[in-house]
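Contents: one structure, followed by commentary.
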Amino acid sequence: MKAIPNNSAQYKGNIIIENLGAILVARFDGGPHALLDQEIAKQLKDLVDRADKDPGIRAVIFTGTHRDRFLSHSDVKWLQEGGVGFPPINTGLAGVVSRMARLINRIPGVRSLAAATKLKTLLQLDDMHAAFLKMNASGTIFIAAINGDALAIGAELAWACDIRIMADGDYVIGLTEVLLTLTPGGGGSQRLPRLIGMQQSLNAILEGRPFTPAEALKLGAVDEVVPQNKVLERSIERAEYLSRRSKKSLGAIKRSVYFGSSMYIEKGLQLEHAEFLVRDQSKEAQQLMLDYISATDATGELPLLNKTKYAQALEKGHIGNFSS
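Rendered as structure tokens:
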């Protein structure tokens, strides 16, 4: 791999957003090294907040501006400076500090003051976790169009998305933090095992060995592998297809799967039940169910068992148009 001149020390990252109607394409511009820095982290949080709140935004596709990289990893200078000035602490005390950062982040005035202290990097990391969790809870569909290498935070961001479509070729995706004597910090040690299982994840993370596209697909770390020049096109196709479904229903399903499946089954079932009850009494669901009942009575046939109507429902995002 050809070395890139180190002229990016003062480069400030950016997310370039393209509006395709109900779909946003967000391109990470992390400079010549395709790094995720503080500015990209801030813009990412703002984008996720916007996409979650705006009913007109149905899907967000993340990709990179670099020719061969999605996101290389975090800006190491940012991480290094964040670790300076703290006295040595054990894991228990670090957990207390982490919880304190989350609490501070919820109080705007206190956050502003704390951001000027050594807690700044902790607050930024907590923001990243909060953004990823909001992606998991949101009715907006998030797709990683992985156009090249995705290491460390690049992989973690992809695994926080709902769908991952990766470029075929000499690219890798994975967690390499141990090679800097660090550990994953953006959720990789939690999300990867939920995708591919504990032992496969543990072996890869302990070694710091990323996956090739073929390995990632076989393990389930990505959903599709396509030629690099088709990554964005295929991602837009998937976004358009899924965004036809009810945003509120998608959010309920995502919360049940992402959060409910990590609970004891009784708690997970309670969460699923609660999400179902909210959707069951919604106006849109009530009307569709009444139409479904009427169509069944009129034809003597269940619409969802009619292959033609079922195929139409998949494309439209809902069952309907019973007369044709």
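Heads up: the sequence shown begins at 273 in this note's numbering, then just goes up one per residue. Glycine included, each C-beta is placed from N, C-alpha and C at the ideal position. This one's a predicted model, so the numbers in the text were calculated from it and none came from an experiment.
Could you give the DSSP three-state label for residue i: helix, strand or coil?
i: residue 591; result: coil
i: residue 498; result: strand
i: residue 286; result: strand
i: residue 329; result: coil
i: residue 275; result: Confidence at residue 275 is low in this model, with a pLDDT of 48, below 50, so the placement of that residue is unreliable and no value is reported for it.
i: residue 523; result: helix
i: residue 404; result: helix
i: residue 429; result: helix
i: residue 585; result: helix
i: residue 475; result: helix
i: residue 337; result: coil
i: residue 410; result: coil
How far does the alpha helix (DSSP H) with residue i in it extend, from its first residue to its last?
i: residue 563; result: 555-571
i: residue 549; result: 537-552
i: residue 444; result: Looking at the DSSP string, residue 444 is not in any alpha helix (DSSP H), and its letter there is neither H nor E.
i: residue 463; result: 460-468
i: residue 436; result: It is not in any alpha helix (DSSP H) - residue 436 instead sits in the beta strand (DSSP E) that spans 435-439.
i: residue 510; result: 503-514
i: residue 485; result: 485-491
i: residue 354; result: 348-354
Confirm, please, whether the CB-CB distance from residue j to residue i is below 9 angstroms.
i: residue 422; j: residue 343; result: yes
i: residue 330; j: residue 519; result: yes
i: residue 477; j: residue 467; result: no
i: residue 396; j: residue 354; result: yes
i: residue 285; j: residue 310; result: yes
i: residue 408; j: residue 526; result: yes
i: residue 436; j: residue 509; result: no
i: residue 288; j: residue 302; result: no
i: residue 332; j: residue 418; result: no
i: residue 560; j: residue 592; result: yes
i: residue 320; j: residue 403; result: yes
i: residue 500; j: residue 420; result: yes
Using CA coordinates, which residue listed in the options is at the minimum distance from residue i?
i: residue 416; options: 324, 433 and 410; result: 433
i: residue 452; options: 283, 541 and 349; result: 349
i: residue 428; options: 457, 574 and 513; result: 457
i: residue 326; options: 351, 538 and 296; result: 296
i: residue 513; options: 294, 401 and 290; result: 294
i: residue 450; options: 534, 442 and 474; result: 474
i: residue 459; options: 528, 579 and 399; result: 399
i: residue 334; options: 577, 504 and 488; result: 504
Closer than 7 angstroms by C-beta to residue i: which residues in its own chain qualify, once you throw out the five before and the five after it? Chain order, please.
i: residue 588; result: 516
i: residue 346; result: 307, 308, 424 and 425
i: residue 484; result: 444
Along the beta strand (DSSP E) that carries residue i, what are the first and last residues, could you check?
i: residue 341; result: 341-343
i: residue 299; result: 295-301
i: residue 422; result: 421-423
i: residue 416; result: 413-418
Output needed for residue i: all residues of its chain with C-beta closer than 6 angstroms, excluding positions within five of it in sequence on either side, in chain order.
i: residue 411; result: 519, 520, 522 and 523
i: residue 283; result: 303
i: residue 323; result: 329, 332 and 412
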